[in-house]
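Number of protein chains: 2
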Amino acid sequence: MTYCIAICVNDGIVFASDSRSNAGVDYIRTCSKMHRFCWPGDRVIVLLSAGNLATTQAVVNAIQRDLDDPDAEFNLLKAKHLFDVADYIGDLSLKEQQHHGPALEKGGGSAAASFILGGQLSGKEHGIYLIYPEGNYIAASTDTPYLQIGENKYGKPILDRVITVESSLNNAARCALVSLDSTMRSNISVGPPFELAMYTRDSLEEPRQLSLKLASPYYKSLQKSWNDGLKRAFTDLPKFDWE
Amino acid sequence: MTYCIAICVNDGIVFASDSRSNAGVDYIRTCSKMHRFCWPGDRVIVLLSAGNLATTQAVVNAIQRDLDDPDAEFNLLKAKHLFDVADYIGDLSLKEQQHHGPALEKGGGSAAASFILGGQLSGKEHGIYLIYPEGNYIAASTDTPYLQIGENKYGKPILDRVITVESSLNNAARCALVSLDSTMRSNISVGPPFELAMYTRDSLEEPRQLSLKLASPYYKSLQKSWNDGLKRAFTDLPKFDWE
């Protein structure tokens, strides 16, 4: 399993992902699910991936293959809109799934994969898209400015309580980490290191990057502070009238 | 959908359930998912139900039918152990599902239902059981002293952070309400009123009961206090080193 999240606020975009990959419970790997494609001053594109690891790696390989081919019909550098890129990735993903899906399904497996795409092209608005396994996609809205893929439920309540488009980039990043932490505690198939990328709107520069292990001082202090804060909030809850 | 939870602590048992039932998004009903069977001084049995409403109502009807029949091979009054009751309810549920399941499956529906059973029989330990749609069941453990049915993920992180077997009955009840509140915010198919029953270990008395609507003063103050506490915990999180 996997948990990835992107939050699109007025100030920019936060991307966060865990790094655990598993085929059954007895074959656990650590691998990045965050893929960055940056041409400073022109375009910044970040892709988060969940689902079948072979499918998601094949999609990233196909993106690179097209980038290296000056005659490619379309590639990340030829895109005029971010939603063109969403369309393209949906097509690549579907094609890959159709290639290997039937063989996988025979063994009870699945080639399905989903993606979050985000970033900004020069002269356009920044944005994020969720690309479904079927290849179609949706954008985030100003009312629900985040998108999730993978194990999304455990970490959703805190996002619903805290995040608005007015949230600062730093607060959105902290909230993404808390959301990942809550998910990791409830689901062993989600695990560190947690990768974080923070893109500042209109900068068209490489996002700020952070990789947090369990032992990272910042992650440890965040975990402790959140746990203590929650326990305090719980202790402060109003008593029943019979107490 | 539904969300029900039972927490079994040293001091007793807390049961909590939402009251929303839906067949599709355009047919929403409010109905209790908590069923109490009490013979003070002898036995206290509480049943929480999730899944197909016709199945769960048929199981409760069958329980009553057997109670009214002095010649019944088994009923709640003839049980010697709480796990005998779990066995019995699993059988009733499976029988009902086998009766109506095939017709429902033709229309893409399902007769599946799950239950949480809890309580105490005179001279025995108090306990809780989760009864699966297949009719088999598990008990809670001292390490994970709660069981959930229905939409269980959104409300799980707070339980994992707060609940132990040493938690007081009042704290367990507050935690169950926070867990329901978090679930309701993230899933519209879970809704109030929230029913709460608190059974004091070895009392063999009717559990204390509470039904909380959104407008109930206690629920409103709990919601506000928790929301404020969470926001405070969030505001207090450590800053990144570049801030």
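Protein sequence lines, in the order shown, are assigned to chains G and A.
Reminder that position 133 of the first sequence reads as 133 in full-length UniProt numbering, one-by-one numbering, no gaps.
Reminder that position 235 of the second sequence reads as 235 in full-length UniProt numbering, one-by-one numbering, no gaps.
No residue lacks a Cβ here, since even glycine has one placed at the ideal position from N, Cα and C.
Anything in chain A within Cβ reach of residue 246 of chain G, meaning under 8 Å, just list it in chain order.
A question about residue 246 of chain G goes unanswered here, because the residues of chain G that appear run from 1 up to 243.
Contact set between A:ASN10 and chain B, taken where Cβ atoms lie within less than 8 Å:
Of the chains in the structure shown, none is chain B; the protein chains are G and A.
Counting only beta-carbon atoms, is G:GLU243 nearer than 8 Å to chain A?
yes
Taking 8 Å as the cut-off, decide whether the C-beta atoms of G:TYR129 and G:LEU117 are in contact.
yes
So, are the CB atoms of residue 250 of chain A and A:ALA172 less than 8 Å apart?
The structure shown has nothing for residue 250 of chain A, since chain A only spans 1 to 243.
Could you tell me which of A:ASN52, A:PRO70, A:TYR132, A:GLY90 sits nearest to A:HIS100, measuring between CA atoms?
For A:HIS100, the closest alpha carbon among the candidates A:ASN52, A:PRO70, A:TYR132, A:GLY90 is that of A:ASN52.
Could you check whether the stretch 63–81 of chain A touches the stretch 100–109 of chain A, counting it as contact only if at least three pairs of C-beta atoms, one from each stretch, sit closer than 8 Å?
no
To the nearest angstrom, report how far apart A:ASP238 and A:ILE158 are at their CA atoms.
A small fix is needed here, since residue 238 of chain A is Pro in this sequence, not Asp. Each residue's alpha carbon lies about 21 Å from the other.
Consider the Cβ of G:GLY161: report whether some Cβ of chain A lies at a distance smaller than 8 Å.
Reading the sequence as shown, one finds Arg at residue 161 of chain G and not Gly. Output row for G:ARG161: interface = yes.
Classification of A:GLU206 by the beta-carbon crowding that lies within 10 angstroms, buried from 16 upward:
By the 10 Å Cβ count, A:GLU206 comes out exposed.
Please classify G:CYS4 as buried or exposed, where buried requires at least 16 other C-beta atoms within 10 Å of its C-beta.
Answer is buried; the Cβ neighbour count reaches 16.
Nearest-angstrom Cβ-Cβ length linking A:LEU76 and A:ILE45, presumed shorter than 8 Å
6 Å
Quick one, are the C-beta atoms of A:MET198 and A:LEU169 less than 8 Å apart?
yes
Within the 8 Å Cβ cut-off, does G:ASN136 reach chain A?
no
Return yes when the Cβ of G:TYR146 is within less than 8 Å of the Cβ of G:ALA86, no when it is not.
no
Contacting positions in the stretch 63–97 of chain G - beta carbon closer than 7 Å to chain A:
none
Every unbroken alpha helix (DSSP H) inside the stretch 140–193 of chain G [4 residues or more]
156–162, 169–186
List the whole-angstrom C-beta distance separating A:MET34 from A:SER189, where the pair is believed to meet the contact cut-off of C-beta under 8 Å.
Incorrect: roughly 18 Å between the Cβ atoms, too far for contact.
Show which residues of chain A have a CB atom less than 9 Å away from the CB atom of G:ARG174.
At a C-beta separation below 9 Å, G:ARG174 has these neighbours in chain A: PHE234, LEU237, PRO238, LYS239, PHE240.
Please check the pair G:GLY90 and G:ILE149, which I expect to be a contact at CB under 8 Å, by giving their CB distance rounded to whole angstroms.
About 13 Å; that fails the 8 Å criterion.
Using only the alpha-carbon positions, how far apart do G:GLU125 and A:ALA111 sit?
48 Å
Is there a C-beta anywhere in chain G that falls below 8 Å from the one on A:TYR218?
yes
Could you round the C-beta distance between A:PRO192 and A:LEU212 to whole angstroms and report it? I think they count as a contact, below 8 Å.
7 Å
Could you tell me how far apart the beta carbons of A:ASP18 and G:SER186 are, in whole angstroms, since I believe they sit closer than 8 Å?
The C-beta distance from A:ASP18 to G:SER186 rounds to 20 Å, too long to fall under 8 Å, and the pair is not in contact.
Counting only Cβ pairs nearer than 9 Å, list the residues of chain G close to A:LEU212.
Ordered by position in chain G, no residue passes the 9 Å Cβ test against A:LEU212, which lies about 11 Å from the chain.
Please confirm whether G:GLY150 has its beta-carbon closer than 8 Å to some beta-carbon of chain A.
no
Name the chain G residues that come within less than 8 Å of A:SER182, Cβ to Cβ?
PRO157
Looking at C-alpha atoms only, which residue of A:ARG29, A:SER182, A:ALA16 is the closest neighbour of A:LEU48?
That would be A:ALA16, whose Cα lies nearest to the Cα of A:LEU48.
Identified DSSP bridge partners for G:ARG29:
G:SER21
G:ARG65, enclosing beta strand (DSSP E) - first and last residue:
Where G:ARG65 is concerned, there is no enclosing beta strand (DSSP E), although the alpha helix (DSSP H) it sits in stretches over 53–67.
Taking Cβ positions, are A:GLN98 and A:PRO133 nearer each other than 8 Å?
no
Verify whether the separation of the beta carbon atoms of A:VAL165 and A:THR142 is less than 8 Å.
yes
So what does DSSP say about A:TYR137, is it helix, strand or coil?
strand
Could you check where the beta strand (DSSP E) with G:TYR129 kicks off and where it finishes?
127–131
Is there a Cβ from chain A that is less than 8 Å from the Cβ of residue 252 of chain G?
Only positions 1 to 243 of chain G appear in the structure, and residue 252 of chain G is not among them; the question remains open.
I'd like to know whether the C-beta atoms of A:CYS8 and A:SER21 end up nearer to each other than 8 Å.
Contact flag unset, no.
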